[in-house]
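Remarks on the structure that follows.
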Amino acid sequence: MTHTIHMTAGLLLITSIAAAQPSGKEILDRIDQNMSAESRYVKSKMIIHGPRTSRTIESETWAAGESAFTEYLAPARERGTKMLKLEDQLWIFSPATDRTIQLSGHLLRQSVMGSDLSYEDMMEDPDLASKYDAVVTGSETVDDRECWIVEMHAKTEDVAYQKRKLWVDRQRFIPLKEELYAKSGQLLKKTELSDIQQHGSRWYPGRIVYKDMLKTGSGTEFIVDEISFDVEIPEYLLSKAALR
Amino acid sequence: MIAFKLAYRNLVGAGLRTFLIVFVLSVSYVLIIFMNGLYRGWEREGKFEMIRWEVGQGQYWQENYDPYDPVTLTDAHAPLPASFERATENGSAAAILVTQATVYPEGRMLGIMLKGISAGQEVLAIPTDLLIPKDNEIPAVIGTRFAQNANLAEGDHILVRWRDVNGTFDATELTISGIFNSSVPAVDNSQVWISLDRLQQMTGMPGEATILVIGEDAVLPAEVAGWEFQGHDVLFAELDQMIKTKSIGGSVFYLILLALALLAVFDTQVLSIFRRQREIGTYISMGMTRRQVVGLFTVEGAMHAVLALLLGAIYGIPLLLYVGSKGLGMPEGTDSFGMAAAQRIMPYYSLALVIGTVVLVIIATTIVSYMPSRKIAKMNPTEAIRGKIQ
Numbered sequence: 009m010t011h012t013i014h015m016t017a018g019l020l021l022i023t024s025i026a027a028a029q030p031s032g033k034e035i036l037d038r039i040d041q042n043m044s045a046e047s048r049y050v051k052s053k054m055i056i057h058g059p060r061t062s063r064t065i066e067s068e069t070w071a072a073g074e075s076a077f078t079e080y081l082a083p084a085r086e087r088g089t090k091m092l093k094l095e096d097q098l099w100i101f102s103p104a105t106d107r108t109i110q111l112s113g114h115l116l117r118q119s120v121m122g123s124d125l126s127y128e129d130m131m132e133d134p135d136l137a138s139k140y141d142a143v144v145t146g147s148e149t150v151d152d153r154e155c156w157i158v159e160m161h162a163k164t165e166d167v168a169y170q171k172r173k174l175w176v177d178r179q180r181f182i183p184l185k186e187e188l189y190a191k192s193g194q195l196l197k198k199t200e201l202s203d204i205q206q207h208g209s210r211w212y213p214g215r216i217v218y219k220d221m222l223k224t225g226s227g228t229e230f231i232v233d234e235i236s237f238d239v240e241i242p243e244y245l246l247s248k249a250a251l252r
Numbered sequence: 006m007i008a009f010k011l012a013y014r015n016l017v018g019a020g021l022r023t024f025l026i027v028f029v030l031s032v033s034y035v036l037i038i039f040m041n042g043l044y045r046g047w048e049r050e051g052k053f054e055m056i057r058w059e060v061g062q063g064q065y066w067q068e069n070y071d072p073y074d075p076v077t078l079t080d081a082h083a084p085l086p087a088s089f090e091r092a093t094e095n096g097s098a099a100a101i102l103v104t105q106a107t108v109y110p111e112g113r114m115l116g117i118m119l120k121g122i123s124a125g126q127e128v129l130a131i132p133t134d135l136l137i138p139k140d141n142e143i144p145a146v147i148g149t150r151f152a153q154n155a156n157l158a159e160g161d162h163i164l165v166r167w168r169d170v171n172g173t174f175d176a177t178e179l180t181i182s183g184i185f186n187s188s189v190p191a192v193d194n195s196q197v198w199i200s201l202d203r204l205q206q207m208t209g210m211p212g213e214a215t216i217l218v219i220g221e222d223a224v225l226p227a228e229v230a231g232w233e234f235q236g237h238d239v240l241f242a243e244l245d246q247m248i249k250t251k252s253i254g255g256s257v258f259y260l261i262l263l264a265l266a267l268l269a270v271f272d273t274q275v276l277s278i279f280r281r282q283r284e285i286g287t288y289i290s291m292g293m294t295r296r297q298v299v300g301l302f303t304v305e306g307a308m309h310a311v312l313a314l315l316l317g318a319i320y321g322i323p324l325l326l327y328v329g330s331k332g333l334g335m336p337e338g339t340d341s342f343g344m345a346a347a348q349r350i351m352p353y354y355s356l357a358l359v360i361g362t363v364v365l366v367i368i369a370t371t372i373v374s375y376m377p378s379r380k381i382a383k384m385n386p387t388e389a390i391r392g393k394i395q
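Respectively, the protein sequence lines represent chains F and L. Sequential numbering of the first sequence, starting at 9, is according to the numbering used here. Sequential numbering of the second sequence, starting at 6, is according to the numbering used here.
See below:
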């Protein structure tokens, strides 16, 4: 009798856990709800930790869909540099040379101002749910928050990373850690998200640390000073006219 | 003949002045021949090395390939046509697949061109026998310049990251199996060579290539659908342009020297005609025509060039032959222009160059000698004998 009660209790527990555990797709949809927006404005600092010194670059970004416009505010050397991304094309305006150049080929693989991010990383489409099949493989605690471990495998072959691994906050549905893998299984990049803040109905990280795992260095910190979602962006800002 | 005898006597009589003019003119001869010989030597060696290391006897480019537009690289690959495959199999051609990648030597990030080439091919001098895989390693060869930039040595392992045909990132480790020393930067600077089969497998492009380099024995159709033949005229165009630019820049130096010498000849002629009016008057009164007297003075001026030729030959021939046999060391970093440049350039003096230079200097000297002499034709012989200034 006791045995039967234990069995029933166990089954109930498993069922309730299974019911509480959302599917991978649900998690990705909830992440996209938090992280994606029709448009956004971000004022941020990028702190690049080099082998000897660190540099801080301040910028403002306006983004809508697959287009984004960034203007660098500091340091003085980078002030006035503008970057425009329109779908899969990227232009940079440098005030020092008074020239606009389109980045392609090798240049897209270069790091953005010495950071752990390459220009082509910035070109990646952030929409996860449409590109990946996700499976919850376990749970783990990250920064004292209970997280689902979500493994994502690309639905098609034409995505940059065939495999990604996310540690997603169980309550807020925001990733706290992400690992990006090459097809061969080699870990390429690691991202840590922290200082999670609430903006209306969504949660968004205030600090993101990117680390190129093939490069030496302590990674690049991205600190959000100001952010607003679904803002009105003037049309000219997302056109080549804004570069001048 | 009398004109030559008189001219010689007058020139020798002028002593130091003649010697100085003749010396500067002789330096012009030697410099013109040396500089042009140097550029021709550079061109010959550059082309020889490019044939050996990079261009072979011509190349077929996949129709989307444009070496000046890296964006085209993503689509610049196609399966090798049957005729190309036969040529690569019998060793008369070498197929190359080109893709962009990133390597991480000592944790630094460097953008490179990852090139796959038929292992064991003999069309190009790249040591592709070192690309035959051993154990589970992927052997790679690089040039000395890139080895120095990336601080890599033989036996080192290096992480490489690339995107496959679908744009997906992949990464693996390469083993540097050899470092070659080539005077052609295009096969060395930021270039990593691995076996073609391996790169085709890594990028998901089986049987595909970007370039086919043909060797001497290759028999291939002139037109192949989807591929464009590039002959030496196209493949050497950059080197030709570079040498032409350098040659024009270099010519300024010896042209200034030549101009100074010609100016001196011109001045000497003007002074002679002014000081030797009585002599001119006497020649005319003794029955020489004005044209003969103009000829006499023109020959006298042009003799500077002949004497300069003799003087130049005395020190120039041994000097040029010595430099021609030993070669001239190129300054450090010459090849950083991206052009083929051997460490020592052997100047090449062709007969046409020597004859052309001699003719150029003699004609130029004759013209500047003739110009002031034309005044003689307008002289009144009576006034000239009196020594009256005209």
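From the three backbone atoms N, C-alpha and C, an ideal C-beta is built for every residue, glycine too. Please read these numbers as outputs of a predicted model, since none were measured by experiment.
Interface annotation, residue 169 of chain F: in contact with chain L, CB-CB separation under 7 Å. Beta-bridge analysis with DSSP links residue 163 of chain L to L/179. Here residue 213 of chain L is buried: its Cβ has 16 or more other Cβ atoms, across all protein chains shown, within 10 Å.
Short of 6 Å from the beta carbon of residue 84 of chain F, and not among the five residues preceding or following it, lies no beta carbon of its own chain.
Taking every protein chain shown into account, the CB of residue 182 of chain L has 16 or more other CB atoms within 10 angstroms, so this residue is buried. Taken in chain order, no unbroken stretch of alpha helix (DSSP H) lies wholly in the stretch 362-389 of chain L with a span of 4 residues or more. In terms of Cα proximity to residue 92 of chain L, the closest of L/52, L/221 and L/132 is L/221. Counting only Cβ-Cβ distances below 7 Å, residue 180 of chain L has no contacts in chain F at all, with the closest Cβ about 16 Å away. With respect to chain F, the C-beta atom of residue 164 of chain L has a partner C-beta closer than 7 Å. Annotated three-state conformation of residue 50 of chain F is strand, per DSSP.
No Cβ of chain F is located within less than 7 Å of the beta carbon of residue 151 of chain L. Contact annotation, residue 239 of chain F with residue 47 of chain F: C-beta distance approximately 6 Å; criterion of less than 8 Å satisfied. Counting the other CB atoms within 10 Å of its CB gives residue 103 of chain F a total below 16, which places it among the exposed residues.
Between residue 175 of chain F and residue 188 of chain F, the CB-CB gap reaches or exceeds 7 Å. Using a Cβ distance threshold of 7 Å, residue 309 of chain L and residue 27 of chain L count as a contacting pair. Annotation for residue 335 of chain L: no alpha helix (DSSP H) segment contains it, and DSSP assigns it neither H nor E. For residue 161 of chain L, none of the residues of chain F pass the 9 Å Cβ criterion, the least Cβ distance being about 15 Å. For the pair residue 244 of chain L and residue 121 of chain L, the CB atoms are not nearer than the 7 Å cut-off. A residue is called buried when at least 16 other Cβ atoms come within 10 angstroms of its Cβ; residue 150 of chain L meets this threshold and is buried.
Residues 55 and 217 of the same chain have their beta carbon placed closer than 6 Å to that of residue 229 of chain F, with the five preceding and five following residues left out of the count. Taking the Cα of residue 237 of chain F as reference, the smallest distance to any Cα among F/201, F/64 and F/209 is reached at F/209. Under the DSSP assignment, residue 161 of chain F falls outside any alpha helix (DSSP H), being part of the beta strand (DSSP E) whose first and last residues are 153-162. Between the alpha carbons of residue 201 of chain L and residue 96 of chain F lies a distance of about 29 Å.
Bounds of any beta strand (DSSP E) do not take in residue 251 of chain L; it lies within the alpha helix (DSSP H) bounded by 242-280. Counting the other CB atoms within 10 Å of its CB gives residue 191 of chain F a total of 16 or more, which places it among the buried residues. The stretch 109-119 of chain L makes no contact with the stretch 239-259 of chain L; the number of CB pairs closer than 8 Å stays below 3. According to the DSSP assignment, residue 24 of chain L belongs to the alpha helix (DSSP H) that extends over 21-55. For the 7 Å CB-CB criterion, residue 218 of chain L and residue 145 of chain L do not form a contact. DSSP, read as helix, strand or coil, puts residue 16 of chain L in helix. Under DSSP, residue 82 of chain F shares a beta bridge with F/66. Where residue 238 of chain F is concerned, there is no enclosing alpha helix (DSSP H), because DSSP gives it neither an H nor an E.
Under the 8 Å Cβ criterion, the stretch 32-43 of chain L does not count as touching the stretch 187-196 of chain L, having fewer than three qualifying pairs. Shown in chain order are the members of the stretch 195-227 of chain F whose Cβ falls below 8 Å from a Cβ of chain L: 196, 220, 222, 223, 224 and 225. Judged by their CB atoms, residue 148 of chain L and residue 188 of chain L are not nearer to each other than the 7 Å cut-off. Under the Cβ criterion of 7 Å, residue 75 of chain L is counted among the residues facing chain F.
In the structure shown, the three-state DSSP call for residue 61 of chain L is coil.
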